[in-house]
Each structure stands twice: as structure tokens, then as C-alpha cells.
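See below for the structure under consideration.
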Amino acid sequence: MKKSILYFVIFFLCFGTLQAQVSSDPNSEFYDDVQVWETEGLVSNLPDMRPYPLTIVKKILNSVIKNGTAIDKEKALEWQNTINGKGIEVYAVGTLAAKKSEGTDTTTEIYNVDFGVSGDKEIIEGLAFSYDIGTIIQNDSFDSILPSTFSNPYDDSGDIVHLGFLESVIDVNSAFSYGTEHFTIQGGITRSSFGPFYDTSIVIAPDTYHTGNLTATIYAGNFTFQQSLFSLTATDDTGESSGSGKLMALHEISYAPFTWLKLGFFETVIWEDSFQFSYALPVSYMVGQSLGGYEDNIQMGLTAQIRPLYGLLWNNQILIDDINMNDIVTLDFDTRITAALESQLAWTPSVTFDNDDSFCKLVTLDFFFVNAYMYSHRGTEYEDFSSLDYTNYNYTNFTTHGEQLSTEIEPNSYRVKLKAEFEPVEDLTITPFVSLMQHGNVNESISTEEATEYLESEAGEYSTDGSAFNTPYVNGEYIDAYINDWIFLEQEHIETTFQTGAEATYKIPIKTLKNYTTILSFSISYTFEYIKNCMDKAGDMFPGSNENYTTQTTTTTTTTSTTDGTTTTTSSTTDGTTTTTTTTDGTTTTTSSTTSTADADDVQEAIDDWVSRLYDTFNNYLTLSIKYQY
Numbered sequence: 179m180k181k182s183i184l185y186f187v188i189f190f191l192c193f194g195t196l197q198a199q200v201s202s203d204p205n206s207e208f209y210d211d212v213q214v215w216e217t218e219g220l221v222s223n224l225p226d227m228r229p230y231p232l233t234i235v236k237k238i239l240n241s242v243i244k245n246g247t248a249i250d251k252e253k254a255l256e257w258q259n260t261i262n263g264k265g266i267e268v269y270a271v272g273t274l275a276a277k278k279s280e281g282t283d284t285t286t287e288i289y290n291v292d293f294g295v296s297g298d299k300e301i302i303e304g305l306a307f308s309y310d311i312g313t314i315i316q317n318d319s320f321d322s323i324l325p326s327t328f329s330n331p332y333d334d335s336g337d338i339v340h341l342g343f344l345e346s347v348i349d350v351n352s353a354f355s356y357g358t359e360h361f362t363i364q365g366g367i368t369r370s371s372f373g374p375f376y377d378t379s380i381v382i383a384p385d386t387y388h389t390g391n392l393t394a395t396i397y398a399g400n401f402t403f404q405q406s407l408f409s410l411t412a413t414d415d416t417g418e419s420s421g422s423g424k425l426m427a428l429h430e431i432s433y434a435p436f437t438w439l440k441l442g443f444f445e446t447v448i449w450e451d452s453f454q455f456s457y458a459l460p461v462s463y464m465v466g467q468s469l470g471g472y473e474d475n476i477q478m479g480l481t482a483q484i485r486p487l488y489g490l491l492w493n494n495q496i497l498i499d500d501i502n503m504n505d506i507v508t509l510d511f512d513t514r515i516t517a518a519l520e521s522q523l524a525w526t527p528s529v530t531f532d533n534d535d536s537f538c539k540l541v542t543l544d545f546f547f548v549n550a551y552m553y554s555h556r557g558t559e560y561e562d563f564s565s566l567d568y569t570n571y572n573y574t575n576f577t578t579h580g581e582q583l584s585t586e587i588e589p590n591s592y593r594v595k596l597k598a599e600f601e602p603v604e605d606l607t608i609t610p611f612v613s614l615m616q617h618g619n620v621n622e623s624i625s626t627e628e629a630t631e632y633l634e635s636e637a638g639e640y641s642t643d644g645s646a647f648n649t650p651y652v653n654g655e656y657i658d659a660y661i662n663d664w665i666f667l668e669q670e671h672i673e674t675t676f677q678t679g680a681e682a683t684y685k686i687p688i689k690t691l692k693n694y695t696t697i698l699s700f701s702i703s704y705t706f707e708y709i710k711n712c713m714d715k716a717g718d719m720f721p722g723s724n725e726n727y728t729t730q731t732t733t734t735t736t737t738t739s740t741t742d743g744t745t746t747t748t749s750s751t752t753d754g755t756t757t758t759t760t761t762t763d764g765t766t767t768t769t770s771s772t773t774s775t776a777d778a779d780d781v782q783e784a785i786d787d788w789v790s791r792l793y794d795t796f797n798n799y800l801t802l803s804i805k806y807q808y
């Protein structure tokens, strides 16, 4: 009863709204509006790296104010007034979230208060600062209550202050930028987003944990060139622990020959802490890597935006890690294709039907594909697991802070998602969605011999959970299933996730005595989730352990005598035990060694044990919040 009263008090007395720091947060509501304007055709040829420097933000707003409808102009003017305003906004957010799981018959409740200051401010012409400095007081992390593929909305520092049954963490993001008509540069510690999609990405997603980053952009007519550098957080191959020294570079050149077409080519490279001057140059990363060996993780991709008609935009992006071109050119697709692909149709009905009063602002249909072993990587120089200085940090896989850089859709998966945004009355936004996703653990498709290599490894040396930490590089070699086969969703047990839900937000602008605008908003969101063969508790399919294998024992004894008077007796058993006795001049020396060997029965037992941890579940998620901004 006391807990319920506490929830009630927190919910109704704590307020806030989405912060306005458009240049340090790719999840700002500003980018929701930009997506609508881009789909309508009011803006085009935008840079693929977000958040945008304030120079680009102003350019977008000026274009919409000049060419948009009355509704578009009104929204753009609101944003213009915000970024040209006092440059500081105080906010507070009160949230109550709950998860009810039928499969495990558990209920989880999270409540928090998030308060701080944020804003965008142009210091002098072209030079701007964007920031969000917040403090979160909560009973637990949001990580424990998120639906599949959803990420924690906070970049908490991890330095927790305990306040009785509550805890407090700080959440800080900030960026400086400088821009002219043809050049911008921006750096800070922020979340980032790369690609033509605004809420997902196969490269860097807007809900991925923040990083230190620096991006320079050159605008030359229809050409755009971007160069970015990121400081990532390395973890071990279970996503635990953390360390510095993991770096990523990305560059892209794009060309928009027509208003209805934009094409781009980009490369990414992830490597361990060292100064690689070639990665800061506008030259091929593949060529640059050859100057110092081939241990770094290089990927390349293509982006294409096609506008068949105003109000309809077809966004596409592909990211390739490794591909067997010898097989592909002969049309043999049962081979190595390590890649991710996203394709999306975005539609604004108001433009198609020439109806400015349409309450449907945007509809998107999104297809997301991640092939087996994509995002996983392990350098061939990886330290010996048994060495005393072994740290187990993976400096080359496509992760940071223990999570994928991309949207959290694991390798060997696909997702189809339909989402719409409605505004039936002014300041009321309703966003329903429905999605279907399937995922398989690739280790069900590897051979018995390859499975035994995982089983015979040291505990914790390899991950076999089917995630981005699940490397195909074992004992110095790539497994055959990775090199030669197409194994996408060919496993016996497939995890199927169905989600549907909606979020509704209502904002109430309030004018104060000094003519400042405060905004009071109310939000409610609900998600229903059904998961068949849920794998979140299954863990590793073939956990490393070389101690507990049982095989039938047969002993073979061989005695050898030599002319120098030495007698050697060797006893070997099928359980891997070898005993050698040597007698010379009356002195007897006995040496015994044991090698634990897994066999087909051990592999099947491990699979059966893993399957026993799968389960079906119905989950219901409900989130309520009141928000206030001044």
C-alpha cells in the first residue's frame, strides 16, 4: 500500500518534457519533424550523420519556413524560436513503468525522476554549444523492463549514489559545433545516428549508448563528404566489464544528381587504441589497413534514397562485412554473405492527397535484415586465454558499452515493422506500431566437430549465445558454417517475437508572465509482446568447460624395450588419460596427463540443455509520465 502511494505521488508531482537540445540528441522531437519534411520533399540531400550542427538545423528550418505549408511553417517557427531563445531550459520528468510477464509470472515496476537543464546556444555566428545535464533518481535501471530491441533512454554514468531503496545517476550529453555554408565540424559526448532512417540504423542507431565523437562535413553542391571518429567502450565477449582504447572511424561520400535521388558510399573501421593516421584521411580504409596488417574490422556499405513521388520516400542501406565474391559471381548464394540490410518506405498522406488537414502525419514500413555472424569480430592476434595478462576485451567487434552499435536486432534475424503517426487534434500525437521479428542461434547449424571446439575451450573464452559477441573464429580458424554456408534462420528452434502497441502524448503550452512558454505534457504508452522460444535466459549453447565429459573407457597398454636398458610402458584410455612409465638403471619415472575430449553425445546433451531453457511468454508493458519544461 505504501509503495502504491509513493508511485502516485511521484507520478503526479514530477514533471518534464523532451529536451530541446537538437544538436546533441538524435532522439530529439526535432528529427521526427525533419523526417516528415524530408518525406514531403521540403528538404533533401541531408547529411547522414546526426545530430546536426546548429548551422544545418537553421538551414533546414529556413527551407521549411520558405516552402512549407502553414502547418509546417508553424512547427518550424516554433523550433526556430526555441534555438534562438534564452539557450537554457529547466526540465523535470516523472515516469512510472511496469512489465507483466505471463511466461514467468513476474511483475516488474520501475519509477524515476529525471531533472536537469538543457539547450542550444549560438555563442557567435557559426559557433554553437548544445547540452543536456541531468540527474536521474530511480528504484532500478530501465534495462530490466524494456521490450525486445528497445534500449535504455538514459546514458547514465554508472557511478551510482545509493539513496536508501533508490539510486541516483547522472546523465550528461554535450557538443560544440562550428559551421559555414560549405563546412561544419561538431564534437562532443552524445548519442549518434547514421543513415537515412531516423529511429533505427544498421550502422549506428540513435538509441545506442553515447560515445565521444567528432564529425567534419564538407558540402560541395550535390556532393557531401563526412568524416567521423568515435571513442567506443570495449567489453569482453559476454558484454561485461569495460575498458578504453576501442576506436571507430567512418567516412561517406554522397551524391544527389536529382531531387528524387541520393546515392552514398561509406566505410567503417574499428580498431584497438593506436594512432592510425590513414583512417583520418579521405582514402580507402581497406588500403590504409594494408599498411599495418589486416587485424582491424573494416566494413563498407551503400545508401540510396529514391523519391518516386512527393510524399513517398524509399530509403535503403546495406552494410557488408565479408562476402565470397567468387561464389556470388557464379550465382552461388549458398556461401559467406556477412551483411546487414535495411529498407524503408516512408509516406506522408497529406502530400499525396493534397490535404493539409490530414491527421495522419507519417506512415513507415521498415524491413531490417541481419545475416548470421554480422557485427561479430575477433582479431587473429587475440591474446592467449590462459595468459596471466589476458583482459578478454574485444576491440574489433561492432559493439560499444556491451551493446550493438546498430539497432538491437541480433545476427541471424529479420524484422518487419509498420508504424504510423497521427495528430487528430492539435498537440495530441498518437503513434501505433506492429512488428514481427525472428531470430535463430547460429550454433544449431554448426558441425559436431566445431561444437566440440567450443565445449573444450576454457569457461568464458567464447560466447555461443547467437549474439554479436558470438564469434566464428575459434582456435585460430574460422568455422566451416561461416566460410562456406548460408545458414540464415535454418536452425530447428527459431525465436519469434510479435509486438504491437501505441504511444499517446498530449502537450499543453502555457504562457508565463514574462511571456516565456512552458509546456506541460502527458504521455502513456502500451506494448504487447508475444515471444515463442524466448532465448533471453538460454545463454550459451556450448559453454566452455573441459572438465565434465563422460565417455566409455578402454585401456591399451604398450611396452617398448630398447638396447640401452630403458623400458617404457604407455597406457592410454579413450577418456583422454595417458600414463607413461619409464625405467632406466633401476630408477622409475611416471608421467600422467589428461585431455578431456567432448564427443557427439556431449554436443547433443549441451543442445538439449539449451533447448530446455527456451520458453514462451506474453509480456505487457505500460509507461506513464508527466513532463514539464520551462
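Letter by letter, the sequence shown follows residues 179 to 808 in the numbering used here. Here a beta-carbon is modelled for each residue, glycine too, at the ideal position from N, C-alpha and C. Predicted, not measured: the structure shown is a model, and the values here were computed from it.
Rounded straight-line distance, which links the Cα of residue j to that of residue i
i	j	result
Y799	Y704	6 Å
T132	D226	With the chain represented from 179 up to 808, any question about residue 132 goes unanswered, as that position is not in the structure.
K278	T327	17 Å
A646	I785	20 Å
V295	D385	20 Å
E445	L392	16 Å
G466	A458	10 Å
N475	W449	7 Å
P229	E636	43 Å
T411	L425	8 Å
T437	L802	42 Å
Y220	I484	What sits at residue 220 in the sequence shown is Leu, not Tyr. Their backbone Cα atoms lie some 15 Å apart in a straight line.
S790	T642	16 Å
I431	S468	22 Å
S536	Y269	32 Å
V507	T516	16 Å
Q807	D203	17 Å
L792	I672	10 Å
T817	E599	Lying before the first or after the last residue shown, residue 817 is absent from the chain, which here runs from 179 to 808.
S319	D334	9 Å
F700	N317	22 Å
Y488	T530	7 Å
Simplified DSSP state of residue i, which is helix, strand or coil
i	result
L428	strand
P602	strand
P721	coil
N262	coil
M552	coil
D510	coil
V529	helix
Nearest to residue i (by Cα), restricted to the options the options
i	options	result
I804	V212, D203, L274	L274
T368	Y356, G390, Y376, I382	G390
D298	Q199, A550, N549	Q199
L344	F293, D377, Y289	Y289
N400	T386, L441, D414, S420	L441
S379	W492, F320, L583	L583
L490	W525, I238, Y457	W525
Q405	T416, F361, P435	F361
Y592	T402, Q454, S613, P602	S613
First and last residue of the uninterrupted alpha helix (DSSP H) at residue i
i	result
E345	From DSSP, E345 is part of no alpha helix (DSSP H) but of the beta strand (DSSP E) over 344-357.
A778	778-790
A659	658-662
I702	I702 -> not in any alpha helix (DSSP H); beta strand (DSSP E) instead, spanning 695-712.
K244	232-245
I506	503-506
Residues that residue i bridges to, as DSSP identifies them
i	result
A383	A383 is not bridged to any residue.
A682	I608, I702
G638	BP columns for G638 are empty, so no partner.
T577	Q582
H617	S591, E673
F444	E430, G479
D534	Bridge partners of D534: none, in fact.
R228	S371
I302	L305
Residue range of the unbroken beta strand (DSSP E) whose run includes residue i
i	result
V461	Element bounds for V461: n/a, residue is neither H nor E.
D310	305-316
S521	515-525
Y209	No beta strand (DSSP E) holds Y209; the alpha helix (DSSP H) holding it covers 207-218.
Y488	Unbroken run through Y488: none, as it is neither H nor E.
L274	267-279
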